[in-house]
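Report on one structure; see the data block that follows.
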């Protein structure tokens, strides 16, 4: 079955200081059967979101690669201006909100101005959360902006049980399944939230795709649910399912 990876990064990888380029990405897509991926820039996430987004714009819209623009909550006017440049293109399908405060989750207060400007776009908002504080903050944001679609990256990390609890009640919040490798989390999330609100992501190249592929393939869930996680939910979320059915 085809795979849609909603969480890929390109550029210089801070941990190793090496470059993950379009060529590297293409080879990984072919190796793991990834038909589409949503890509953000490591530079955009770590130091310069505008030039990082510029780099992604050179890849987005080509051969199954789609862009995720990054914004920084410490620079609302600049973030809104750059966001509008990207979101006007069908090649960009998502917005990733980063807090300008190191090691702090994005909060409702600091991202409200940006999200109010984003309302006009029928596209996806991504928020990363690796602990309980981040999950609860993301839940507050999703509840405040009920007309928008949110993806919780890393499924809360070690706080994946909290992520399942909040997603069970917050219906515009979708879980991306990377993060903790606990073998129970996929099954429990399917039981509580449903595979129709779960998407596949790898955080490639920080992690090899085989890790998350194995997590989903090894889960005690039905083949139908597995297919939804690997591609079905993402195709619907990003509007690709309707495009395929019309072709």
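Residue numbers (my numbering): 80 to 326.
Don't be surprised by glycine CBs; every beta carbon is placed ideally from N, CA and C.
Bear in mind that the values here come from a model prediction, so they are computed numbers and not experimental data.
*If you drop the 5 nearest sequence neighbours on each side, which residues of the same chain put their C-beta closer than 8 Å to that of residue 306?*
80
*Please name the residue, chosen from 295, 313, 210 and 144, that lies closest to residue 253 on a Cα-to-Cα basis.*
313
*Quick one: what does DSSP say residue 277 is sitting in, helix, strand or coil?*
strand
*Compare the beta carbon distance of residue 251 and residue 229 with 8 Å and say whether it is the shorter of the two.*
yes
*asked:* Am I right that residue 202 and residue 170 are in contact with their C-beta atoms under 8 Å? What's the rounded C-beta distance?
replied: 11 Å between Cβ atoms; not a contact.
*Locate the alpha helix (DSSP H) running through residue 110, then write down its first and last residues.*
101-111
*Can you tell me the Cα-Cα spacing of residue 106 and residue 113, whole angstroms?*
10 Å
*residue 279 versus residue 115 - alpha carbon distance*: 11 Å
*Opposite residue 229 in the DSSP bridges: which residues?*
204 and 252
*asked:* Below 8 Å on the Cβ atoms is my contact criterion, and I expect residue 276 with residue 246 to pass it. Report the Cβ-Cβ distance as a whole number of Å.
replied: 7 Å
*Going by alpha carbons, who is nearest to residue 296 out of 181, 308 and 217?*
308
_For residue 261, count the other beta carbons within 10 Å of its own beta carbon; 16 or more makes it buried, fewer makes it exposed. Which is it?_
exposed
*Under the rule that 16 or more other beta-carbon atoms within 10 Å means buried, what is residue 97, buried or exposed?*
exposed
*In terms of DSSP beta bridges, what is residue 82 paired with?*
113
*Between which two residues does the alpha helix (DSSP H) harbouring residue 238 extend?*
Premise fails: residue 238 is in no alpha helix (DSSP H) and is neither H nor E.
*Look up residue 118 in the DSSP assignment and say whether it is helix, strand or coil.*
strand
_Is the beta carbon of residue 163 closer than 8 Å to that of residue 65?_
An answer regarding residue 65 cannot be provided, because it is not within the stretch 80 to 326 covered by the chain.
_Using the three-state DSSP reduction, which class does residue 187 fall into: helix, strand or coil?_
helix
*Inspect the CB distances between the segment 175-195 and the segment 146-153 and report whether three or more fall short of 8 Å.*
yes
_Delimiting residues of the alpha helix (DSSP H) encompassing residue 148_ = Where residue 148 is concerned, there is no enclosing alpha helix (DSSP H), although the beta strand (DSSP E) it sits in stretches over 144-151.
*asked:* Assuming residue 238 and residue 269 are in contact, meaning their beta carbons sit under 8 Å apart, how far apart are those beta carbons, in whole angstroms?
replied: So it is not a contact: roughly 18 Å between Cβ atoms.
*What is the DSSP secondary structure of residue 306, counted as helix, strand or coil?*
helix
_Taking 6 Å as the limit between beta carbons, can you name the residues of its chain near residue 324, skipping five residues before and five after?_
Annotation note: pLDDT 47 at residue 324 (below 50); position unreliable, coordinate value reported separately. Counting only Cβ-Cβ distances below 6 Å, and skipping sequence neighbours, we find nothing.
*Would you list the residues sitting across from residue 87 in a DSSP beta bridge?*
118 and 283
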